[in-house]
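Asker:
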Amino acid sequence: MPVIDMAAEMAQVNHRGFLDIEVDATLDLFAEIERLKKEKNAIVLAHYYQEPDIQDVADYIGDSLGLAQKAKQTNADIIVFAGVHFMAETAKILNPTKKVLLPDLKAGCSLSDSAPPELFKRWKEEKYPNHTVVTYINCSAGMKALSDIICTSSNAKAIIDRLPADEPIIFAPDKNLGAWLNKQTGRNMVLWNGACMVHEIFSLEKIVKLKQRHPEALFIAHPECEEPVLAIADYIGSTTQLLKFSATNPATQFIVATETGILHEMQKASPHKTFIPAPPNNQCACNECPHMKLNTLEKLYLCMQYETPELTMEEDLRLAALKPIERMLEISRSAGLLG
Ligand code: 13P
Ligand code: SF4
Numbered sequence: 001m002p003v004i005d006m007a008a009e010m011a012q013v014n015h016r017g018f019l020d021i022e023v024d025a026t027l028d029l030f031a032e033i034e035r036l037k038k039e040k041n042a043i044v045l046a047h048y049y050q051e052p053d054i055q056d057v058a059d060y061i062g063d064s065l066g067l068a069q070k071a072k073q074t075n076a077d078i079i080v081f082a083g084v085h086f087m088a089e090t091a092k093i094l095n096p097t098k099k100v101l102l103p104d105l106k107a108g109c110s111l112s113d114s115a116p117p118e119l120f121k122r123w124k125e126e127k128y129p130n131h132t133v134v135t136y137i138n139c140s141a142g143m144k145a146l147s148d149i150i151c152t153s154s155n156a157k158a159i160i161d162r163l164p165a166d167e168p169i170i171f172a173p174d175k176n177l178g179a180w181l182n183k184q185t186g187r188n189m190v191l192w193n194g195a196c197m198v199h200e201i202f203s204l205e206k207i208v209k210l211k212q213r214h215p216e217a218l219f220i221a222h223p224e225c226e227e228p229v230l231a232i233a234d235y236i237g238s239t240t241q242l243l244k245f246s247a248t249n250p251a252t253q254f255i256v257a258t259e260t261g262i263l264h265e266m267q268k269a270s271p272h273k274t275f276i277p278a279p280p281n282n283q284c285a286c287n288e289c290p291h292m293k294l295n296t297l298e299k300l301y302l303c304m305q306y307e308t309p310e311l312t313m314e315e316d317l318r319l320a321a322l323k324p325i326e327r328m329l330e331i332s333r334s335a336g337l338l339g
């Protein structure tokens, strides 16, 4: 007689997007997750903005480019994506036959939400029908399907530099990253009016005061920050680039303008250095991404145990979204940007 696992049968993702099952408080979740990885041939990929426990249990931690590449290379049967929805979607687009799990299906992204595909499509068709669309990876599969090429903050400049100088380009969805890239590349790309809620919240005034209080500190920032913040930065780069810079630069103090999750890896890489999170413009913890932080170690364990929530996608959409991602990976490879 087949044995029915009643708990698994009843494991239903609730309306908020995750498994609401009570976890025995005495369980060693780190050991359980390691066990599940082996039993199920699963790999855990995590973005730097995940909570420290998730980063510590992950097989690979990285920025959007590194994660996409890792998702493409893996031989695992199950990819557990500790990040946000568009990242898990990218993993699925690259791995149609693998099971892709996301601890919380509602872990979205304000930047991705700022570019609804139908709206973008109408706008482009009406105003810029002949423009090439370069889209930041922080967007939905629907937006990717409308794009000619995808980029991340690690490879955006290299990708744009490879397009003919006179090619008219729309850059979406992040207007801050787009404006910075226009300066870096000397282009005049048309910018979609989107932004990230975390990177827009940093207070220029408070950062200036922090710099005065810590004159030895270098101020480093992610290019999703607004222009006045970027204007006073000593270094600008993707999360991986910021991490590498802080580890290799001889300075011992850094003020960091990006989501605070990255500080965990920075501190691990350079235990003797001091990392100060750049303050938001009010008293909230707004320099933490509320979407990234929806994932918890418990939800990660539960999604591996019950293999849900799973990310699924229509094949037509997947194929349309795959093309511009593959173009990105190809150019990144030839530019020597892939590890
Ligand atoms: P990177 O890690 O690619 O720099 O992206 C930052 C980000 O905002 C991801 O949501
Ligand atoms: Fe999206 Fe910003 Fe959160 Fe990154 S930090 S997932 S861009 S809302």
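Residue numbers in the sequence shown follow the working numbering, run continuously in steps of one, and reach 339 at the last position. Ideal Cβ placement from N, Cα and C applies to all residues, glycine included. Keep in mind the model is a prediction, meaning the values are calculated, not measured.
Of the residues ILE43, THR240 and ALA25, which one's Cα is nearest the Cα of MET304?
Answerer: Sequence index remark: in the sequence shown, residue 304 carries index 304 (1-based). If we check each option's Cα against that of MET304, ILE43 comes out closest.
Asker: Among the candidates LEU27, LEU119, SER110 and ASN138, whose CA atom is the shortest distance from the CA of PRO290?
Answerer: Within the sequence shown, residue 290 is the residue found at index 290, counting from 1. Per the Cα distances, SER110.
Asker: What I want to know is whether the C-beta of CYS289 ends up closer than 7 angstroms to one or more non-hydrogen atoms of ligand 2.
Answerer: Walking along the sequence shown from the start, residue 289 turns up at place 289. Yes; taking the cut-off as 7 angstroms, the Cβ of CYS289 has a heavy atom of ligand 2 nearer than that.
Asker: Tell me whether GLN212 is buried or exposed, calling it buried when 16 or more other Cβ atoms sit within 10 Å of its Cβ.
Answerer: Numbered from its first residue, the sequence shown carries residue 212 at position 212. GLN212 comes out exposed.
Asker: Suppose you measure from the CA of ARG187 to the CA of ILE331; what does that come to, to the nearest Å?
Answerer: Residue 187 sits at position 187 when you count from the first residue of the sequence shown. Residue 331 sits at position 331 when you count from the first residue of the sequence shown. Those two C-alpha atoms are separated by around 19 angstroms.
Asker: Could you tell me if the beta carbon of LEU105 falls within a distance shorter than 7 angstroms of some heavy atom in ligand 2?
Answerer: Translated into positions along the sequence shown, residue 105 becomes position 105. No, the beta carbon of LEU105 sits no closer than 7 angstroms to any heavy atom of ligand 2.
Asker: Beta-carbon within less than 8 angstroms of LEU181's beta-carbon, same chain only, minus the 5 sequence neighbours each way: which residues are those?
Answerer: By 1-based counting over the sequence shown, the position of residue 181 is 181. Only ALA156, LYS157, ILE160, PHE171, ARG187, MET189 and PRO223 meet the Cβ criterion.
Asker: Report all residues for which the CB-ligand distance to some heavy atom of ligand 1 is below 5 angstroms; order them along the chain.
Answerer: Selection output, chain order preserved: ASP63, SER64, THR152, SER153, SER238 and THR239.
Asker: Alpha carbons only, please: which of VAL84, PRO116, ILE236 and THR252 is nearest the one belonging to LEU300?
Answerer: The residue given as residue 300 occupies position 300 in the sequence shown. It is VAL84 whose Cα lies nearest to the Cα of LEU300.
Asker: Examine the Cβ distances between the region 44 to 59 and the region 256 to 272 and report whether three or more of them are shorter than 8 angstroms.
Answerer: With a cut-off of 8 angstroms, the region 256 to 272 and the region 44 to 59 count as touching, because enough Cβ pairs lie within range.
Asker: Consult DSSP for GLU310 and reduce its assignment to one of helix, strand or coil.
Answerer: Within the sequence shown, residue 310 is the residue found at index 310, counting from 1. The answer is strand: DSSP assigns GLU310 an E or B state.
Asker: With hydrogens ignored, establish whether the beta-carbon of MET189 is closer than 7 angstroms to any heavy atom of ligand 2.
Answerer: Within the sequence shown, residue 189 is the residue found at index 189, counting from 1. For ligand 2, not one heavy atom lies less than 7 angstroms from the Cβ of MET189.
Asker: Which same chain residues, not among the five before or five after GLU89, have their C-beta less than 6 angstroms away from its C-beta?
Answerer: Sequence index remark: in the sequence shown, residue 89 carries index 89 (1-based). Correct list, in chain order: ALA141.
Asker: So LEU230 and LEU29 are in contact, right, with Cβ under 8 angstroms, and what is the actual spacing, rounded?
Answerer: Position 230 of the sequence shown, counted from the start, is the residue given in the question as residue 230. Position 29 of the sequence shown, counted from the start, is the residue given in the question as residue 29. Wrong, their Cβ atoms sit about 39 angstroms apart, outside the cutoff.
Asker: CA-CA distance, TRP123 and PRO168?
Answerer: The residue given as residue 123 occupies position 123 in the sequence shown. The residue given as residue 168 occupies position 168 in the sequence shown. One C-alpha to the other measures close to 15 angstroms.
Asker: For HIS199, count neighbouring C-beta atoms within 10 Å of its own C-beta (all shown protein chains included) and say buried if the count is 16 or more, exposed if not.
Answerer: Numbered from 1 along the sequence shown, position 199 holds the residue referred to as residue 199. Buried, since its Cβ has 16 or more Cβ neighbours within 10 Å.
Asker: Pick out whichever of LEU329, LEU322 and MET328 has its Cα sitting closest to the Cα of PRO96.
Answerer: The residue you call residue 96 lines up with position 96 of the sequence shown. Of LEU329, LEU322 and MET328, the residue nearest in Cα terms is LEU322.
Asker: Which value, in whole angstroms, describes the spacing of the CA atoms of ALA285 and GLU34?
Answerer: For this step, residue 285 is matched to residue 285 along the sequence shown. For this step, residue 34 is matched to residue 34 along the sequence shown. Answer to the nearest angstrom: the Cα atoms are 31 angstroms apart.
Asker: List the residues that DSSP assigns as beta-bridge partners of CYS151.
Answerer: By one-based count along the sequence shown, residue 151 stands at place 151. In DSSP, CYS151 forms a bridge with TYR136.
Asker: Using 8 angstroms for Cβ pairs, my map puts ALA115 next to GLY194. What's the rounded Cβ distance?
Answerer: Within the sequence shown, residue 115 is the residue found at index 115, counting from 1. Within the sequence shown, residue 194 is the residue found at index 194, counting from 1. Yes, ALA115 and GLY194 are in contact; Cβ-Cβ is about 5 angstroms, under 8 angstroms.
Asker: Can you tell me which residues form a DSSP beta bridge with HIS47?
Answerer: Taking the sequence shown and counting its residues from 1, the one referred to as residue 47 is at position 47. According to DSSP, which records beta bridges pairwise, HIS47 is partnered with GLY62.
Asker: Just confirm the distance between the C-beta atoms of ALA145 and LEU317, as a whole number of angstroms; I'd bet it's less than 8 angstroms.
Answerer: Reading the sequence shown from its first residue, position 145 is the one you call residue 145. Reading the sequence shown from its first residue, position 317 is the one you call residue 317. Right, their Cβ atoms sit about 6 angstroms apart.
Asker: In whole angstroms, what separates the C-alpha of LEU311 from that of LEU19?
Answerer: Your numbering for residue 311 matches position 311 in the sequence shown. Your numbering for residue 19 matches position 19 in the sequence shown. Their Cα atoms are separated by approximately 14 angstroms.
Asker: Out of GLU126, LYS37, MET328 and ALA247, point me to the one whose CA is closest to ASP59's CA.
Answerer: Position 59 of the sequence shown, counting from 1, holds the residue named residue 59. Closest by alpha carbon: LYS37.
Asker: Of all the options GLY62, PHE254, ARG162 and SER153, which has the alpha carbon lying nearest to the alpha carbon of LEU210?
Answerer: Looking up residue 210 in the sequence shown gives position 210. The shortest C-alpha separation from LEU210 is found at PHE254.
Asker: Leaving out five residues before and five after LYS99 in sequence, what residues of the same chain have Cβ atoms less than 8 angstroms from its Cβ?
Answerer: Taking the first residue of the sequence shown as 1, we reach residue 99 at position 99. Excluding residues within five positions, the ones whose Cβ falls inside 8 angstroms are ASP77, ILE78, ILE79, GLU307 and GLU310.
Asker: Does the beta-carbon of SER110, which I'm using as the reference point, lie nearer than 7 angstroms to any heavy atom of ligand 2?
Answerer: The residue labelled residue 110 in the question sits at position 110 within the sequence shown. Because some heavy atom of ligand 2 lies under 7 angstroms away, the Cβ of SER110 counts as near it: yes.
Asker: Determine which residues share a DSSP beta bridge with ASP174 and list them.
Answerer: Here residue 174 refers to the residue found at position 174 when the sequence shown is read from its first residue. GLY194, per the DSSP bridge assignment.
Asker: With distance defined between alpha-carbon atoms, name the residue in PRO228, PRO280, THR240 and ASP174 nearest to ALA269.
Answerer: Here the question's residue 269 lines up with position 269 in the sequence shown. Of the candidates PRO228, PRO280, THR240 and ASP174, the one whose C-alpha sits nearest the C-alpha of ALA269 is THR240.
Asker: Count the other CB atoms, across all protein chains shown, that sit within 10 Å of the CB of GLU118; report buried if there are 16 or more and exposed otherwise.
Answerer: The sequence position of residue 118 within the sequence shown is 118, counting from 1. Exposed: under 16 other Cβ atoms inside 10 Å.
Asker: Just the C-alpha distance for ALA179 and ALA25, rounded to the nearest angstrom, thanks.
Answerer: Position 179 of the sequence shown holds residue 179. Position 25 of the sequence shown holds residue 25. Each residue's alpha carbon lies about 48 angstroms from the other.
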